[in-house]
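Visitor: A single structure is presented below for examination.
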Amino acid sequence: MARQYKCISGDGHIDLNPDIWRDRVQAQFRDRAPKRVKMDNGSDAVVIDGGKPNTIGITRSVRVAHIDLAKQVPTFETCAGTGSPEQRLAEQDQDGIDCEILFSQITFVLRQTPDDDLYRDCIRAYNEFLALEYSAPAPDRLVCMGTLPTTNVDDAIKEMEHCKKLGMKGMKLDRYPSGKSYPTKEDDKFWAAAIDMQMALTNHNTGNMGSGRGQPDYMYPKDPGHDVHQKEAFKFFTRFTNDAMTAALQMAFFGVWDRFPKLEIYWAETMIGWFEYGLWQVDDHYDRYMGMINDAWGLNKLDRKPSEYLKDRNYWGFLRDPVGIKRRHCIGVDKLMWGTDFAHAASDFPNSQKYLKEDFAGVPENELRAMLVDNCVRYFHLDQ
């Protein structure tokens, strides 16, 4: 019988010491695989393949008063959420949480190696550790998202298939399946495969999707030239609101949502208070500027309003957001998932239940349950 949930966090984090899973990496890669190193001040960092150290970061110090964050020396032993699965379950109980959708930040560290074979092997080892060891004590409470390689679409599909066999419920997209920060036709194979597998797709805080980091937002058919005082056409739609909608808009203009009517994506930690104005603005600016965008960038018009694509098959994650909760109907309660962000400093651990009562005061029980339980259960197939 499936677990009966009362409160699910749709956004939790696992920042684990790589020493506990490195033995799953193939022997020939093990000495170059991620390992823990100490910084001069005593804090912990992670290094892969002799590269630069990546510190845990002071924002992982969830138990610390915010005024004291800069004074912390974070280590895997002292930070919340970095220990054993049994410790994590106890932390859930302490905060009144029945289950977490768990995202890892190690993916960005892994890609710092230029060796694709090492990179892919580390991803395989990490996914197997999460599925076979970390989640094992309570797979219905520790719902880890699988990590995808960004080398190419075929590698991404292969790893997703492996994660499905391991019993994982979803995959985290750090970039588009092709490895780009914009959609390509190559990605269509991946979207089709995910739908066939019934694998939930997620992105955390937009990752590198829609925020190029050296890559353009889109492969426009035309160069707009010097007279258009904006490099990216998408900035016209998001200029006064939130870049979190960029990736979903990229997919709309590239026809992804139209080609794959069953495709859905959960965008975690985007917050929702901006939606009421953002949805109005994206339609207004579409009406104002789309003719110019079509002429200058060659971007074709959409079959529907951009706001309809944003509301249709996209799920949105939020932390403490009383403004967004009041405006929840502009996007629809069936598309919203609340989360704690544990064990990062934005979390209210161990007082999440206190703030839930404050922020959701007056929300009908069926809507409250949708945002705290039902949407997560449905999207991640937690009842299966």
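To convert a position in the sequence shown, counted from 1, into the working numbering, add 96.
For glycine and all other residues, C-beta sits at the position ideal for the given N, C-alpha and C.
Rounded to whole angstroms, what's the CA-CA distance from R159 to D437? Just pull it up for me.
Guide: Indexing the sequence shown from 1 puts residue 159 at position 63. Indexing the sequence shown from 1 puts residue 437 at position 341. Answer to the nearest angstrom: the Cα atoms are 13 Å apart.
Visitor: Would you report the Cα separation of P312 and A343, rounded to the nearest angstrom?
Guide: For the purposes of this step, residue 312 is taken as the residue at position 216 of the sequence shown. For the purposes of this step, residue 343 is taken as the residue at position 247 of the sequence shown. Whole-angstrom Cα-Cα distance: 12 Å.
Visitor: State the beta-bridge partners of F414 as determined by DSSP.
Guide: Here residue 414 corresponds to residue number 318 of the sequence shown, with the count starting at 1. DSSP output for F414 lists W434 as bridge partner(s).
Visitor: Under the rule that 16 or more other beta-carbon atoms within 10 Å means buried, what is N299, buried or exposed?
Guide: Here residue 299 refers to the residue found at position 203 of the sequence shown. Buried, because 16 or more other Cβ atoms sit within 10 Å of the Cβ of N299.
Visitor: With a threshold of 16 other CB atoms inside 10 Å of the CB of G321, please say whether the residue is buried or exposed.
Guide: Walking along the sequence shown from the start, residue 321 turns up at place 225. So G321 counts as exposed.
Visitor: In three-state terms, what does DSSP make of V352?
Guide: One-based indexing of the sequence shown puts residue 352 at position 256. Helix.
Visitor: From this set, D164, P279, V133, G146, which residue's C-alpha is nearest I152's C-alpha?
Guide: Your numbering for residue 152 matches position 56 in the sequence shown. Here the closest residue by C-alpha is V133.
Visitor: Mapping the DSSP letters down to three states, classify Y230 as helix, strand or coil.
Guide: For this step, residue 230 is matched to residue 134 along the sequence shown. Correct three-state label for Y230: helix.
Visitor: Of the choices D379, L415, R416, D236, whose alpha-carbon is the least far from that of L398?
Guide: Along the sequence shown, one-based indexing puts residue 398 at 302. Minimum Cα distance to L398 is reached at D379.
Visitor: The beta strand (DSSP E) that contains F199, what's its start and end?
Guide: Translated into the one-based positions of the sequence shown, residue 199 becomes position 103. Taken as a continuous stretch (DSSP letters only), the beta strand (DSSP E) holding F199 covers 195 to 200.
Visitor: Here's a check: name, in chain order, each residue in its chain whose Cβ is nearer than 6 Å to the Cβ of V324, leaving out the five neighbours to either side.
Guide: Start at 1 with the first residue of the sequence shown, and residue 324 comes out as number 228. Only A392 meet the Cβ criterion.
Visitor: Is G374 helix, strand or coil when you go by DSSP?
Guide: Here residue 374 refers to the residue found at position 278 of the sequence shown. Looking at G374 - three-state DSSP - the assignment turns out to be helix.
Visitor: Could you spell out the range, first to last residue, of the beta strand (DSSP E) harbouring D339?
Guide: In the sequence shown, counting from the first residue as 1, residue 339 sits at position 243. Neither: D339 is in no beta strand (DSSP E) and is coded neither H nor E.
Visitor: With a threshold of 8 Å, are at least 3 pairs of Cβ atoms found where one atom belongs to the stretch 118 to 126 and the other to the stretch 186 to 202?
Guide: The stretch 118 to 126 vs the stretch 186 to 202: no contact.
Visitor: For A260 and M295, which I take to be in contact (beta-carbon distance under 8 Å), what is that distance rounded to the nearest angstrom?
Guide: Residue 260 sits at position 164 when you count from the first residue of the sequence shown. Residue 295 sits at position 199 when you count from the first residue of the sequence shown. Per the sequence shown, residue 260 should be read as Lys rather than Ala. Contact flag correct, Cβ pair sits at about 6 Å.
Visitor: Using only the alpha-carbon positions, how far apart do K318 and M388 sit?
Guide: Within the sequence shown, residue 318 is the residue found at index 222, counting from 1. Within the sequence shown, residue 388 is the residue found at index 292, counting from 1. Rounded to the nearest angstrom, the two C-alpha atoms are 12 Å apart.
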